[in-house]
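Written out below as structure tokens is the structure these notes cover.
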Amino acid sequence: MAASVIITVTQDGTGDYVTVQEAIDAVPLGNNRRTVIRVAPGIYKQPVYVPKTKNFITLAGLRPEDTRHREKTMAASVIITVTQDGTGDYVTVQEAIDAVPLGNNRRTVIRVAPGIYKQPVYVPKTKNFITLAGLRPEDTVLTWHNTATQIDHHQGARLIGTGTFGCGSIIVEGEEFIAENITFENSAPQGSGQAVAIRVTADRCAFYNCRFLGWQDTLYLHYGKQYLRDCYIEGSVDFIFGNSTALLEHCHIHCKSAGYVTAQSRKSSQETTGYVFLRCVITGVGGTSYAYLGRPWGPFGRVVYAYTYMDACIKHVGWDNWGKTENERSACFYEYRCYGPGSCPSKRVTWARELIDEEAEQFLMHRFIDPDSQRPWLAQRMALRIPYSA
């Protein structure tokens, strides 16, 4: 077996990571060598999850009395079932969400049986801690057809908004939202203009093994912090956009036609928002050099691609300034150790940069979206995932 790898965890920040979960998350998928995580003395108040894709991990403390792990307590989860044949608690996803009490303070898991659910879905800001869980994303599809110019919704415009902001097939405004094994789709045909599959205006949200389908403006990461892992996202124009702080890890990005993958809208250098694509894959439909990595919707738009495979569909210049040369002085468009025929550092626009190791470090850890080691949220979301069959 290959030589061991040593990782250190110290709560004071002097080690490689400050939480045990961060260290586990750093272990590569399919790991085939012993990885020793040396945990400094301390009481680590956080749930820990070691997935089946990460083997050969050792957690090593100095003395058991000095290195303890305590899980934060939370009220027991509530399980609600949705089945279209009427054998569950509800027959539509919206009915199940409506049944969650206002000011909800415990995890409510809505298990959605396989089926195509043709109805707009709204999670209001008064309903937090909701999980939507399917069996497989291909089998559980939430779909609707609104566009920025034609909105048909069970909620009024005063509540959900108008235009692009209000046209999402699914609108999430409740914090601590989780989705797993769900497809979110806007079925409006190509050429319909802005047609959002999901808008997320909520903090501390996570998506696991989900699909986001559409053409223009598919995934609207509007506000808050979001984590997406093992997801599939497709579109054409600005199909990942908004001004949230988002980490997309091990995701598949598919460019369906000429356009732009991202349109991040950071408005000042003081904002900590931005999108990081970590160990992702970007594919196309067979053509070459027809899609940009992104353009700045806001003058300080910030996007990072790291360790990401780029298909030949990506233009050699990489980035677009949205027709404004002044954006070239403020946009923060970065790449780090990407590869594939679409990764061409020497041919990129001069105002985008390839990061060096020291610059890239801040974007390569979950700390980018979970910076408070005393009040972490991401590992909790990962540990709270409840299998559909549980």
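For the sequence shown, the UniProt record's numbering gives the first residue as 1, with consecutive numbering after it.
Positions of the beta carbon are idealized from the N, C-alpha and C atoms, including for glycine.
- In the structure shown, S269 adopts coil according to DSSP, grouped into three states.
- Apart from the 5 residues on each side of it in sequence, S330 sits with its Cβ closer than 6 Å to the Cβ of P299, F300 in its chain, given in chain order.
- For C167, the closest alpha carbon among the candidates K347, T126, V121 is that of V121.
- Q226: member of the beta strand (DSSP E) spanning 225 to 229, first to last residue.
- No Cβ-Cβ contact shorter than 9 Å links Y334 with A291.
- In this structure the stretch 48 to 60 does not touch the stretch 84 to 97; the number of beta carbon pairs closer than 8 Å is below three.
- With respect to the 9 Å criterion, A26 and D12 are not classified as neighbours on the basis of their beta carbons.
- Beta-bridge partners assigned by DSSP to L247: Y227, V276.
- Straight through space, the alpha carbons of T164 and N105 are spaced by roughly 30 Å.
- With the rule of 3 Cβ pairs closer than 8 Å, the stretch 96 to 105 does not count as touching the stretch 140 to 152.
- Here N327 carries a helix assignment [DSSP, helix/strand/coil].
- Here A246 is buried. Its C-beta has 16 or more other C-beta atoms within 10 Å.
- Following the DSSP letters along the chain, one finds R158 in no beta strand (DSSP E) but inside the alpha helix (DSSP H) bounded by residues 157 to 160.
- C-alpha of I7 to C-alpha of L364: approximately 15 Å in a straight line.
- Contact between the stretch 187 to 200 and the stretch 211 to 224 is present: three or more C-beta pairs spanning the two stretches fall below 8 Å.
- Counting only runs that start and end inside the stretch 273 to 316, the beta strand (DSSP E) elements of at least 3 residues fall at 274 to 278, 281 to 283, 291 to 294, 302 to 306.
- Relative to V78, the option among F129, Q21, W377 whose CA is nearest is F129.
- Residue environment analysis places G30 among the exposed positions, since fewer than 16 neighbouring C-beta atoms fall within 10 angstroms of its C-beta.
- In the three-state scheme derived from DSSP, where H, G and I count as helix and E and B as strand, I182 is classed as coil.
- Secondary structure note for A23: its alpha helix (DSSP H) is the uninterrupted segment 20 to 26.
- The stretch 54 to 123 is shown to contain whole alpha helix (DSSP H) runs of 4 or more residues at 93 to 99, in chain order.
- Exclusion of the five residues before and after P114 leaves G134, L135, R136, D139, T140 as the residues of its chain whose Cβ lies within less than 8 Å of its Cβ.
- Around the C-beta of D370, 16 or more other C-beta atoms lie within 10 Å, and the residue is accordingly described as buried.
- In the DSSP assignment, F165 falls within the alpha helix (DSSP H) that extends over 163 to 166.
- When secondary structure is reduced to three states using DSSP, F239 falls in the strand class.
- Nearest to V82 by C-alpha distance, out of Y305, T273, D230, Y117, is Y117.
- DSSP places S257 in the strand class (E or B) of the three-state scheme.
- R375 places its beta carbon 9 Å or farther from that of C332.
- With the rule of 3 Cβ pairs closer than 8 Å, the stretch 277 to 296 counts as touching the stretch 248 to 265.
- In the three-state DSSP reduction, K45 falls in the strand class (E or B).
- Boundaries of the beta strand (DSSP E) around E335: 332 to 336.
- The Cβ-Cβ distance between E176 and R229 does not fall below 9 Å.
- Just so you know, the alpha carbons of I37 and Q94 end up roughly 43 Å apart.
- Q380 sits in a helix when the DSSP states are folded into three classes.
- Taking C-beta separations shorter than 6 Å and ignoring five residues to either side along the sequence, the partners of F239 in its chain run T218, following chain order.
- Contact check for T19 and Y44: beta-carbon distance about 7 Å, within the 8 Å limit, so the pair qualifies.
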